[in-house]
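If you're matching them up, the sequences are chains A and B in order.
For what it's worth, this note's numbering labels the leading residue of the first sequence as 573, then goes sequentially.
For what it's worth, this note's numbering labels the leading residue of the second sequence as 5, then goes sequentially.
Even for Gly, the Cβ is constructed at its ideal location relative to N, Cα and C.
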Amino acid sequence: MTKQENYFRATDFGVPEWIPIRVSLMPATWAKYREALEEIVMEFPFIFGEHLPGSIGFDAFDGTYNEGEFTDAWGCVWKNVAPGLDGMVVGHPLPNRRDVRNFEPPTGIVGLPHGFMFMRLYYLRGFEQLMIDFAEEPPELQMLIDKVLEHNLMEVDALVKAKPDMAVFGDDLGNQDFLPIHPQKWRKYLQPCYAQMYAKCHAAGARVYMHSDGHIIEIIDNLIEAGVDILNPQVGANGLDHLARVAKGKVAIDLDLDRQRFPFWSPAHIEAHVREAVEMLYAPEGGLLLYAEMEPDVPLENIRAMCETLMKFKDFDG
Amino acid sequence: MQNYDELRECVIAGKKAQVAELVRKHLDEGKTAKDVMDNGLIPGMAIVGKKFQEGEFFIPEMLMAARSLNAGLEVLRPLLEASDVKPVAKVLMGTVKGDIHDIGKNLVAVMLRGGGFEVIDAGVDVPPDKFVELARENGADLIGLSALLTTTMPSMKDTIDAFQSQGYRENVKIMIGGAPITQEYADEIGADGFARNASYAVELAKKLLGVAA
């Protein structure tokens, strides 16, 4: 069985042979550890694939990972003070409600980057302004949502033309331990947006993979209703027990292992964490995948420990 | 004479215009600005904090309440200044060096202002020495350090160390917060406290400064 076949057996609850595992290395992590990280990558070809020494440009960051400011296709101004990590939006093109009325989203295909719907709304308006919009519910709120959605639907149409097996989306819906807006308002304003986008994916035969940082427990059922097939939630913000309660068996979970703790844990902690996650979320029919993102502050020994641990637990069978 | 129930309810409901109007009404009836603030506005905001902690209120409701409270404070401000009423304490808030995330920091500032604190916003990506400099300049009683990223958490320790090395640590209490922060980390770096969100930050600030809740 190929890795891809096994991956989709896991996402489709089709009895995978092993738990799919994935480790992501941020550009800043490569820039810090360089050849030493390359050694680890070459030790674990099952995780990283075959790697040719020297094939990574340690300091060659893609555009948004570079230090400085840039303006995206929506007119949002990004700033990055930490090369190799994600920046954030510091300039919002629609600070006043009246700006929404004349706003025109990008006319061409610009992609669906992380932060395509909910985050895009506050990238455009500013976080506090958007929260006040959700409190007061002026017509401009729905107007803005409609404009962003209309563009996004066009993006999805373009995305699914290639008939992918899976369409990948990322939008951080939660704060660390709460949803920013009431779940009822989320269901009223945002769920229909995701549902329309994801329906197009399903119609084209693509599974829907969605990443969200933050606490989303109260809306996981709604994300499933909206068409999410594979959810990538954070352990730390949601809790394994809550995820087991609301998501296990209902949606495939690509578990975002607790990267907020990786820098501080020992290898033994890492193993205990993965063991606990697997024991709580594993089912023989599938529905569990494991993901670990490594920032530059994670010690090399912990990166290696995570790789070893994932290799050990990928064959967990209860 | 009216009691403050209606004023508190209007703060909680985020009714900005009504809050300003009721504040004027209480003043016209002879209440002092300090009394209206301490017994009307601030208790209203404290209930908002509780509702936020209990999951009844979310950020929009919190911000609406804060705006209504500000509308009341605008009316009171000239009177408070004329009678030399001091804020509960001065808090210097900032996101630490290397980190430009400000949503959490801004929410904490909103809630602290709602608790009667004066908040000096140092902004984002604030170097350790700048925190010390601003604390001295403004006579801050409490320092609030925010970080969203694990990679910038060491800047919190650097900031605390800067207060220590510059001989100003004894003059201030320091609290920390942000998505990856834990009480264990606060203890490890010598912070005086950790708050897991904006509402708890007000309780912690009062506790650290010995202010009645």
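Strictly below 8 Å CB to CB, what residues from chain B border A/F630? In chain order: nothing, as chain B lies at least about 17 Å away.
Do the segment 113–122 of chain B and the segment 90–101 of chain B touch if we need at least three Cβ pairs shorter than 8 Å? Verdict: yes, contact present.
Indicate whether A/M598 and A/E867 have their beta-carbon atoms separated by less than 8 Å. A contact, by the Cβ cut-off of 8 Å.
Check the Cβ of B/N110 against every Cβ in chain A and list those closer than 9 Å, keeping chain order. Within 9 Å Cβ-Cβ: F699, E700.
CA-to-CA distance, A/L795 to A/N638, given in whole angstroms: Using only the alpha carbons, I get a separation of about 33 Å.
Identify whether B/I16 lies in helix, strand or coil by the three-state DSSP scheme. Reduced to three states, the DSSP call for B/I16 is helix.
Anything in chain A within Cβ reach of B/I107, meaning under 7 Å, just list it in chain order. Under the 7 Å cutoff, chain A gives F699.
Less than 8 Å between the C-beta atoms of B/L45 and B/L96, yes or no? No.
Can you tell me the Cα-Cα spacing of B/A199 and B/T156, whole angstroms? Roughly 17 Å separates the two Cα atoms.
Limits of the unbroken alpha helix (DSSP H) element including A/A849: A/A849 -> alpha helix (DSSP H) spans 839–853.
Under DSSP, the alpha helix (DSSP H) around A/A600 begins and ends at which residues? From DSSP, the alpha helix (DSSP H) with A/A600 extends over 599–605.
With DSSP as the reference, please indicate the residues paired to B/M41 in a beta bridge. Answer is none; B/M41 lacks a bridge partner.
Closer than 6 Å by C-beta to B/L84: which residues in its own chain qualify, once you throw out the five before and the five after it? Chain order, please. A37.
Can a CB atom of chain A be found closer than 8 Å to the CB of B/E174? No, no contact with chain A.
Quick check on the DSSP output: the alpha helix (DSSP H) that includes A/E712 runs from which residue to which? Note, A/E712: alpha helix (DSSP H), 711–732.
Can you look up B/D32 in the DSSP assignment and give me helix, strand or coil? Residue state, collapsed to three classes: helix.
First through last residue of the alpha helix (DSSP H) which encompasses A/A739: For A/A739, there is no enclosing alpha helix (DSSP H); the enclosing beta strand (DSSP E) covers residues 738–742.
Return the CA-CA distance between A/V587 and A/S784, expressed in angstroms with no decimal places. C-alpha of A/V587 to C-alpha of A/S784: approximately 26 Å in a straight line.
Whose C-alpha, out of B/D103, B/F135, B/N201, is nearest the C-alpha of B/V112? B/N201 is the residue among B/D103, B/F135, B/N201 whose C-alpha sits nearest the C-alpha of B/V112.
Bridge partners for B/K94 per DSSP, in chain order? B/K94 pairs with B/E122.
Are the CB atoms of A/V720 and A/M689 nearer to each other than 8 Å? The answer is yes: Cβ separation under 8 Å.
Just the C-alpha distance for A/A849 and B/Y172, rounded to the nearest angstrom, thanks. Put simply, the backbone Cα of A/A849 is about 44 Å away from that of B/Y172.
Strictly below 7 Å CB to CB, what residues from chain B border A/M573? In chain order: nothing, as chain B lies at least about 36 Å away.
Considering only C-alpha positions, which residue in the set B/G182, B/A144, B/Y189, B/I63 is nearest to A/H754? For the residues B/G182, B/A144, B/Y189, B/I63, the minimum Cα distance to A/H754 belongs to B/I63.
Please check if any C-beta of chain B sits within less than 8 Å of the C-beta of A/F690. Closer than 8 Å to the CB of A/F690 there is not a single CB belonging to chain B.
Which of the residues in the segment 844–875 of chain A, read from start to end, lie with their CB under 7 Å from any CB of chain B? Only E867, P868, D869 from the segment 844–875 of chain A bring a Cβ to less than 7 Å from some Cβ of chain B.
Indicate whether at least one CB of chain A lies closer than 8 Å to the CB of B/T155. Closer than 8 Å to some Cβ of chain A, the Cβ of B/T155 qualifies, so yes.
Continuous beta strand (DSSP E) stretch holding A/M866: start and end: In the DSSP annotation of this structure, the continuous segment of the beta strand (DSSP E) that includes A/M866 starts and ends at 860–866.
By Cβ distance, which residues of its chain are closer than 7 Å to B/M5, with the 5 residues on each side in sequence left out? Since pLDDT at B/M5 reaches only 43, below the 50 mark, its modelled position is unreliable, and no value is offered.
In angstroms with no decimal places, state the Cα-to-Cα distance between A/L860 and A/L882. Each residue's alpha carbon lies about 13 Å from the other.
What residues from chain A crowd round B/F198, counting only those whose CB sits closer than 7 Å? In chain order: nothing, as chain A lies at least about 12 Å away.
Measure the alpha-carbon distance for A/D658 versus A/G698 and round it to whole angstroms. Cα-Cα distance, rounded: 18 Å.
Relative to the C-alpha of A/A632, which residue among A/A603, A/A645, A/G621 is closest? Measuring from the Cα of A/A632, the nearest candidate turns out to be A/A603.
Skipping 5 residues on each side, what residues in its chain have a beta carbon closer than 6 Å to that of B/F167? Within the same chain, B/F167 has close Cβ partners V136, R173.
If we cut at 8 Å on Cβ distances, does B/M49 have a partner in chain A? Not one chain A Cβ lies under 8 Å of B/M49.
Would you say A/H933 lies against chain B (beta-carbon separation less than 8 Å)? With chain A running from 573 to 890 in the structure shown, residue 933 of chain A is simply not present.
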